[in-house]
Structure formats: C-alpha cells, structure tokens
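Input: a single structure, listed below in structure tokens.
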Ligand code: SF4
C-alpha cells in the first residue's frame, strides 16, 4: 500500500522523455498525465520501461 507522500509528480515531469505523455498536451494525453504524471507515475508504462532498462542504475532526479 502506498503512503500519501509517495503520491507525487513523476521525477521526469519537469524534463520529460520524448515518449512521455507530458511531452505533448492534447485530449489524449491530458487524462494520462493526470493519471500517471501527477499521481501513479510508478504505474506509467514509460516510467516502468525506464526503471526496467536502468534497473542497475538509480533513476535520475531532475
Ligand atoms: S509519469 Fe510517465 S509519462 Fe509522465 S513524466 Fe513520468 S515517465 Fe513520463
């Protein structure tokens, strides 16, 4: 179970990757931005992919 303070903006939100939902704001991405970037970023497919690819490295803090 996640703690309330764990619900935070994604560390990639300020400097999004090219495939991030928040790289483009439109009617398709906005609901996903609210869902993932502002809340459950650990469930975001892009975030999961980065974590998987860099499992031996720390996710950078921007
Ligand atoms: S939640 Fe996903 S789409 Fe949003 S900034 Fe993080 S990695 Fe990118």
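Residue numbers (the working numbering): 98 to 159. Every residue gets a Cβ at the ideal spot worked out from N, C-alpha and C, and that includes glycine.
- [ ] Return the chain-ordered list of same chain residues with a C-beta closer than 6 Å to the C-beta of residue 138, the five sequence neighbours on each side being excluded.
- [x] So the qualifying residues of the chain are 107, 144.
- [ ] Sort 105, 142, 124 by Cα distance to residue 117 and report the nearest one.
- [x] Among 105, 142, 124, the Cα nearest to that of residue 117 belongs to 142.
Task: Contact set for residue 133: own chain, Cβ-Cβ below 6 Å, skip 5 residues either direction - done: Excluding sequence neighbours, residue 133 sits near 141.
Task: Under the three-state DSSP convention, the category residue 145 falls into - done: Note: residue 145 maps to helix in three-state DSSP.
TODO: Quick one: measure Cβ to Cβ for residue 119 and residue 110, integer angstroms, because I've assumed they're closer than 8 Å.
DONE: Under the criterion of beta carbons closer than 8 Å, residue 119 and residue 110 qualify as touching, at roughly 6 Å.
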